[in-house]
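For the record, in the sequence shown the residue sitting at position 439 is 438 according to numbering that gives the first Met the number 0, with numbers rising by one throughout.
Using N, Cα and C, we set each Cβ at its ideal position, and we do this for glycine too.
These notes are about the structure you will find just below.
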Amino acid sequence: MCSIIGCIHNSNLDVANVLVESMGKMEYRGYDSVGLATLSDREILIKKGIGRVSHVNKELSLNELKGEIGIGHTRWATHGGVTQSNAHPHVCARSEIAVVHNGIIENYLDLKNQLKNKGMTFKSDTDTEVIPNLLSSIIIEGNDLKNAVIKTVSKLTGQYSFIAMLKDKSLVGVKNHEPLILGLGSDGYYLSSDILGFAKHVDKVIYLDDEQFVIVNPSGYTIYDFKGNLVNLIPTKISKTSENVEKGKYEHFTIKEIHEQTSTVLQSGIESLDEFDTFFNILKTSKRVYVTGSGTSYNTALVAKYLFPKITGISIEPIMSSEMKFFDDCFNEDTTLVAISQSGESTDVLNAVAFAKEKNSKILSIVNTTTSSLAKASDSFIGLNCGYEVGVAATKSFTSQITILYRLLEKFDPSQKISSQLNSVVDAISKILENQKPVIDISHALKNINNLYILGRGVHYPIAKEGALKIKELSYIHAEGFAAGELKHGPLALMDEDTYVIVINPKDDGSTYADNLSNISEIKSRGAKIIGVSDEFNQIYDYWIPLPTLPKLFYPLIETIPFQLMAYYLSIERGNDPDYPRNLAKCVTVK
Ligand code: BG6
0 MCSIIGCIHN SNLDVANVLV ESMGKMEYRG YDSVGLATLS DREILIKKGI
50 GRVSHVNKEL SLNELKGEIG IGHTRWATHG GVTQSNAHPH VCARSEIAVV
100 HNGIIENYLD LKNQLKNKGM TFKSDTDTEV IPNLLSSIII EGNDLKNAVI
150 KTVSKLTGQY SFIAMLKDKS LVGVKNHEPL ILGLGSDGYY LSSDILGFAK
200 HVDKVIYLDD EQFVIVNPSG YTIYDFKGNL VNLIPTKISK TSENVEKGKY
250 EHFTIKEIHE QTSTVLQSGI ESLDEFDTFF NILKTSKRVY VTGSGTSYNT
300 ALVAKYLFPK ITGISIEPIM SSEMKFFDDC FNEDTTLVAI SQSGESTDVL
350 NAVAFAKEKN SKILSIVNTT TSSLAKASDS FIGLNCGYEV GVAATKSFTS
400 QITILYRLLE KFDPSQKISS QLNSVVDAIS KILENQKPVI DISHALKNIN
450 NLYILGRGVH YPIAKEGALK IKELSYIHAE GFAAGELKHG PLALMDEDTY
500 VIVINPKDDG STYADNLSNI SEIKSRGAKI IGVSDEFNQI YDYWIPLPTL
550 PKLFYPLIET IPFQLMAYYL SIERGNDPDY PRNLAKCVTV K
C-alpha cells in the first residue's frame, strides 16, 4: 500500500511544506521511497528519493519546491524495485502530467507496449508510469480532460487510486477500490489516501466512491462517475481526533499504542452498541458462520473459533482471507461471513467479502476505520473505536477486536457479565505495563537468536501465533507459534540446547496447565530453555514473564501484551525501527 496526497492552494502559498508534512503523517502506509512534484510557472518540478520522508527531505530539500499546486507519494514497492527511478511521482514522456498512484494496474504491460508503439518512452519499471502516458496520449487526440479521464480509466484493469497533476493547474483524483478522500479547507483543496494526510488543514471531507473521479482546480471541484455522469456527494465534517496523531512522550507509535490499550479496551465497540443486536440476530439465525481476516486480524478469527461454541452454541469457522476463493462451495444465502480488519482496506479481506456477497451471504464486519471499503460493503459493522493505529504491527486493534468478541459473547449469555469485568482486565494490562523489566531483560538475552518457538493450548494457541507474528514483524527473528499438543508430532525435532521456547501457561482451571508442564519437561530434556508466561512461577521455567491472575476467559486478552512488548524491545535491541519494519506496510492493498 502507498500513500498519495495532492493539494491546490487558493492563495499563492507554496504547497511543498504542507505536502512533506502530510507524507510524514502517512508514511506508515509505505516507506520505501518518497517523492514530490509541484507546478511552478507552468513547469513540473519533481524531486524523489529512496528512504523515509525526513531522510529524503533532508537530502533533497523537498519542502523548498516552488508552486501552489503539488502531489506527493510514499511508496511500498510492488512493481519495480526500490529505486529512485521507480519512486513516484511519474511524469509522462511529454512532461505534461505527473501522477502518484496506490494499487495495481494489472494490464500495465500491454498498455506500456501499446504506448511504446506510439513513441512514448518510459523511465521506470513501474505499472504506474502507464497512467500519465495514457492520459497524455488521449488528451493529445483532442479529448477534454473529463473525457480523457473516462477513456483512460476504461482502459485500466486493477484496483487503484491515483492523482494526476496537469500543467493547466488542475488535479484529477480517481478512485477505483483504493481509498481516496477529497478535503475542503479554507486554504484550498486536498486529495489524500488517508484523512491523516490533511486533517489539520480541512474542515470537511468527501469520501469518493469506487469508479468515481474528481477534477479540482483553484476555483472548485466537480465529481463524476466513470461513465461521465455528474455526482453530487455531500461533504461531511471531519472528526478532529484524527488531527493529533502524534507520538507524544513515546519514542515510537508502537510503544504508544501498546500503552493506549488501558483505555482502548474499554472503548472498543462502544460507538456501535446498537449494532451488537444486529450481529446477535444475524449470527443466531445463520445456518453457518465463517470468520475471516489477514495477519493479526486472522489470529482474532482463530480466537473466535475457540471462544464462541462454548458460550453461544455457534461454531465459527475461520478462513484466512487470502485462501477464501478455495472455499467457494461453503457460501450461500444461509451463511454469514464475519470480516475482521483494522484498516477495512486489506485487499485480501475485501476480495473475500466480495466473494461471499456474490453467493448472497450476509456480511458482518469488525473494523476500525468505519468509513472504509469494508464497512461500506457490510450489512452491519462494529467499529473498534481504538483510534488511529499508526504502528505497522497491530497491537491495540487486536485487543479491541478480542474485546468486541467478548462483548458479543455477553450478548448471547448476559450471565457472563463481561463488560463489568473489563475494568479488572484493564488493571491487569496496567500491571503488565508497569512491570516491563522481565520482558526487557528477556529481550536483551534473546536479541541474537534466530529462532523462537511459542506454544499455547486451546484459546492460547491463537495467542501463540499472534505473539510469533509480532516478533517476526518487528524483530525479523523467525518465530513460530504452534499448538503445544503438536510438539511431539514434529517440532520437538527442532529442540536442542540452543533453543528457546515460550510457553503460554496461565494457571487456569487446569485444562491446559498440567499438560503444558509435561510438554515443558519434554522440551527441557532436549536441553532447550523455557520462558513461562504465567500468573504463577514454576521452578521449571528458565525465565518467567508474570501475568496478573484473572478469570480464565480473559487471559487471551492480556497475555498478548508481553508479546507486543517483547517484539518492540527485540526490535530496538536489533536496531530496527519498530514503527516501520522492513518490507511491510500497515495495510496491504494488493493481492
Ligand atoms: C498487515 C499489517 O499489512 O495487514 C498487520 O501489517 C495487519 O498489522 C494485517 O494485521 C491485516 O490488516 P487489517 O487492516 O486488515 O487488519
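- For the 9 Å CB-CB criterion, Ser-160 and Ile-401 do not form a contact.
- Distance from the CA of Val-424 to the CA of Glu-259, rounded to the nearest whole angstrom, comes to 14 Å.
- For Asn-216, no alpha helix (DSSP H) segment is defined; the enclosing uninterrupted segment is the beta strand (DSSP E) at 211 to 216.
- When Leu-583, Phe-536, Lys-469 and Ala-584 are compared, the shortest CA-CA separation from Met-565 is found for Lys-469.
- The C-beta of Arg-581 has fewer than 16 other C-beta atoms within 10 Å across all chains shown, which makes the residue exposed.
- Put simply, the backbone Cα of Ile-68 is about 50 Å away from that of Asn-450.
- With 16 or more other Cβ atoms inside 10 Å of its own Cβ, Glu-558 counts as buried.
- Of all alpha-carbon atoms in Asn-9, Val-152, Tyr-297 and Lys-283, the one lying nearest the alpha-carbon of Gly-66 is that of Asn-9.
- Contact between Ala-467 and Thr-498 is ruled out by a C-beta separation of about 14 Å, above the 8 Å threshold.
- Phe-197 sits in coil when the DSSP states are folded into three classes, being neither helix nor strand.
- With a threshold of 8 Å, the Cβ atom of Ser-340 counts as near the ligand BG6, since some heavy atom of the ligand is closer than that.
- By the Cβ neighbour-count rule, Lys-46 is buried, with 16 or more other Cβ atoms within 10 Å of its own.
- Of the residues assessed, Arg-74 falls on the buried side of the cut-off, its CB having 16 or more other CB atoms within 10 angstroms.
- In this chain, the alpha helix (DSSP H) harbouring Leu-301 covers 294 to 311.
- Ranking Leu-144, Val-14 and Gln-211 by CA distance to the CA of His-176 puts Gln-211 first.
- Scanning the segment 485 to 527 for uninterrupted beta strand (DSSP E) segments of 3 residues or longer gives 499 to 503, listed from N- to C-terminal end.
- In this structure, Val-33 places its C-beta atom within 9 Å of the C-beta atom of Gly-50.
- The straight-line gap separating the alpha-carbon atoms of Ser-94 and Asp-193 is approximately 28 Å.
- In chain order, Phe-330 and Leu-336 place their CB closer than 6 Å to the CB of Ala-355, counting only its own chain and leaving out the 5 sequence neighbours on each side.
- When only Cα atoms are considered, Ser-414 and Cys-1 end up about 46 Å apart.
- Excluding residues up to 5 positions away in sequence, Tyr-512, Ser-533, Asp-534 and Glu-535 lie with their Cβ nearer than 7 Å to the Cβ of Lys-506 in the same chain.
- Rounded to whole angstroms, the Cβ separation of Ile-529 and Val-500 is 6 Å, and the two are in contact under 8 Å.
- Taking 4 residues as the minimum length, the alpha helix (DSSP H) runs contained wholly in the segment 129 to 209 are 129 to 139 and 144 to 154, in order along the chain.
- In this structure, the CA atom of Asn-231 is about 7 Å from the CA atom of Ile-222.
- A Cβ-Cβ separation of about 5 Å places Val-348 in contact with Ser-320 under the 8 Å criterion.
- Exposure of Glu-496 is indicated by the presence of fewer than 16 other C-beta atoms within 10 angstroms of its C-beta.
- If you ignore the 5 residues before and after His-78, its C-beta comes within less than 6 Å of the C-beta of Thr-125 and Asp-126, all in its own chain and listed in chain order.
- Taking C-beta atoms as the reference points, Phe-380 and Leu-363 count as a pair closer than 9 Å.
- Relative to the Cα of Val-171, the nearest Cα in the group Asn-146, His-251 and Gly-489 belongs to Asn-146.
- Nearest Cα to His-443 within the set Leu-165, Ser-377 and Ser-474: Ser-474.
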